[in-house]
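Residue numbers (the UniProt record's numbering): 1 to 196. The C-beta atom is built at its ideal place from N, Cα and C for all residues, glycine as well. Data block below; observations after.
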């Protein structure tokens, strides 16, 4: 069974991919490139993860092309605090499109409940509207210690914690519990303006 997986250079998403590889999925990672450092870490992570199952070459998407115009417009219309939600939403939408193109049946993410602003239940609900493919979240009930333990066992932890640039798009005060209605209104505006 084929799946696409959002793969960052961090700790969580490689563990999520590992768990689904163990379940027999053939996984195509999708990485949103923000810097050369993060991208090279992703290739290293893929090398390690490839030992555990059928892992295809990663698909690299340029964040500055795909997402930056959306984030700039959000800032212009005074909705910059929604950046993280639109970031995850646009990632899932792109992963979904890639998934349909390659015949994938699901999307895998490294979401773990409540660890960051985009992972509250309210925000996961909003983000999930980007995909008509099922979203598998194998880490959803794990805490950080458990995820770190698995990362160390499988050999991805040391790569993930190598120094890298911070995300250039993070707003000062991200929305923690977004309202689906407000998200939809902002999204419709961006669609009308041709930004989304």
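Residue 107 - partner residues in DSSP beta bridges: 4 and 135
Beta-carbon gap between residue 32 and residue 61 smaller than 8 angstroms: yes
Three CB pairs or more closer than 8 angstroms across the region 72 to 82 and the region 96 to 112: no
Residue range of the alpha helix (DSSP H) that includes residue 14: 12 to 22
Inter-residue Cα distance where the pair is residue 59 and residue 92: 13 angstroms
Nearest neighbour of residue 142, chosen from 16, 8 and 52 [CA to CA]: 16
Cβ-based neighbour list, residue 1, same chain, cut-off 6 angstroms, excluding 5 preceding and 5 following: 25 and 105
Sheet register partners of residue 32 (DSSP bridge): 61
Residue 83 classed as buried or exposed, judged by whether at least 16 other C-beta atoms fall within 10 angstroms: buried
For residue 73 and residue 63, the rounded distance between their alpha carbons: 15 angstroms
In DSSP terms, what residue 26 is bridged to: 2
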